[in-house]
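To convert a position in the sequence shown, counted from 1, into the numbering used here, add 101. All residues carry an ideal CB built from backbone N, CA and C; glycine is no exception. Keep in mind that this is a model prediction, so the values were computed, not measured.
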Amino acid sequence: MNGRNQSMVPEFVLLGFTTSWGVQILLFLVFAIFYVANMLGNLLIVLTIISDHHLHSPMYFLLANLSFIDTGVSSIATPKMIYDLFRKHRVISLNGCITQMFFIHTVGGTEMVLLIVMAYDRYIAICKPLHYLTIMSLKMCIFLLVLAWTIGLIHSVAQLAFVVNLPFCGANKMDSFYCDFPRFIKLACTDTYTLEFLVTANSGFISMATFFILVVSYIFILVTVRKHSSGASSKALSTLSAHITVVVFFFGPCIIIYVWPFPTLPIDKFLAIFNVIITPFMNPVIYTLRNKEMKVAMRRLIIKTFKFQKFFH
């Protein structure tokens, strides 16, 4: 990175949410509960799928990876956000800010592609059930997962390439609790109109295009499901509704933040909280409450864990 940048503005001040001590205590409790619940819920899904052979199928393989990614989405910004609630001087270094943006967009881009892969998995399972295990083999699942991470990495690096050498020589107060491209670019002491457009074109277009692809895919799958009246189709419809709910929760805030990022909307902070805390928390809730196989498998895992503990006591 350009050393000149670091010497001129070595750190950014994160304004956070409020200066009221009482409100900060309340926010700490809420965010801490959501974060712990998110981590435990998603890790429980991963452990359940790994340990239960009944769940060793392509759909659950992809679900385990989604839960793993959600732990990353939440962990990139949330711990510092919780810690900063008790700090009077909330700062992040220039290097730390760029690192945070890199991981946020790598993991976020990967999750977008993974949601498309999960929609494709449901399409094959519902529309071509006899060929499902042949098409969605373990090799194919791993290939699609690697592809998702590769696209997420390219998406993140492509944006960083535009902003990594921006000059920062004056304002360093960021009205947020974590670093992201729209607010980061606005602090540069140069004309940023082109960069603002590029960020909108990159993150905004990818969010809109991915959401459009998913909506079209699910409409097509739902039309196919309606042609069947079997129990298997009812089960598929239940699984599909969970996927659609996750997609809406994930893409709603993304589209608003990145399609209309300039000027900054007053609702941005709420949407940012939704993205990094609420959505990763909702995913395990949605997938476990609406999935009987997952609930049964979790019970088996908990029973095995208690028996294991009693054995050693």
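Assigned with DSSP and collapsed to three states, M237 falls in coil, not helix or strand.
Only residues of its own chain outside the window of five on either side were considered, and among them I146, V147, I150 and I151 have a CB closer than 8 Å to the CB of A165, listed in chain order. Buried is the label assigned to F135, since at least 16 other Cβ atoms lie within 10 Å of its Cβ. Burial check for T295: the Cβ neighbour count within 10 Å stays below 16, so the residue is exposed. Between E297 and I225, the alpha-carbon positions lie close to 39 Å from each other.
Boundaries of the alpha helix (DSSP H) around V326: F306 to R327. By the beta-carbon neighbour count (other beta carbons within 10 angstroms, threshold 16), K328 is exposed.
Just so you know, the alpha carbons of G209 and G253 end up roughly 7 Å apart. Rounded to the nearest whole angstrom, the CA to CA distance from V317 to V110 is 46 Å. Note that the stretch 344–351 does not touch the stretch 251–266; fewer than 3 beta-carbon pairs, one per stretch, sit closer than 8 Å. Secondary structure at F129: helix, using DSSP grouped into helix, strand and coil. For V114, the beta-bridge partners assigned by DSSP are V192 and K274.
Take the alpha-carbon of K274 and the one of P180: they are about 20 Å apart. V174 carries a helical assignment under DSSP once its states are collapsed to helix, strand and coil.
Under the three-state reduction of DSSP, C280 is assigned to coil, being neither helix nor strand.
Pairing I227 with V347 gives a Cβ-Cβ distance that is not under 9 Å.
Within the same chain, Cβ atoms closer than 6 Å to the Cβ of N384 are found at D171 and V347, the five residues on either side in sequence being excluded. Under the criterion of beta carbons closer than 8 Å, I286 and V300 qualify as touching, at roughly 6 Å. Its Cα nearest to that of H344, the residue F312 stands out among F312, C270 and L261. When the five nearest sequence neighbours on each side are left out, the beta carbons in the same chain lying within less than 6 Å of the beta carbon of C242 are those of P159 and F162, in order along the chain. Collapsing the DSSP output to three states places N392 in coil. Distance from I193 to L115 at the Cβ level is roughly 6 Å; contact confirmed, criterion being Cβ atoms closer than 8 Å.
Secondary structure of A398 (DSSP, three-state): helix. C-alpha of L288 to C-alpha of L261: approximately 15 Å in a straight line.
DSSP places D185 in the helix class (H, G or I) of the three-state scheme. Judged by DSSP in its simplified three-state form, C290 adopts coil rather than helix or strand.
Within the same chain, Cβ atoms closer than 8 Å to the Cβ of I183 are found at F129, F132, A133 and Y136, the five residues on either side in sequence being excluded. Here F269 carries a coil assignment [DSSP, helix/strand/coil]. Looking at I217, I307 and L141, the one whose alpha-carbon comes closest to that of L341 is I217. F244 counts as exposed, since fewer than 16 other C-beta atoms from the protein chains shown sit within 10 angstroms of its C-beta. Secondary structure at K370: helix, using DSSP grouped into helix, strand and coil.
In this structure D153 is not in contact with R391, their Cβ atoms being roughly 18 Å apart against a cut-off of 8 Å. Note on geometry: alpha-carbon atoms of V397 and K405 lie some 12 Å from one another.
Taking the Cα of F282 as reference, the smallest distance to any Cα among A220, L372, C198 and A310 is reached at C198.
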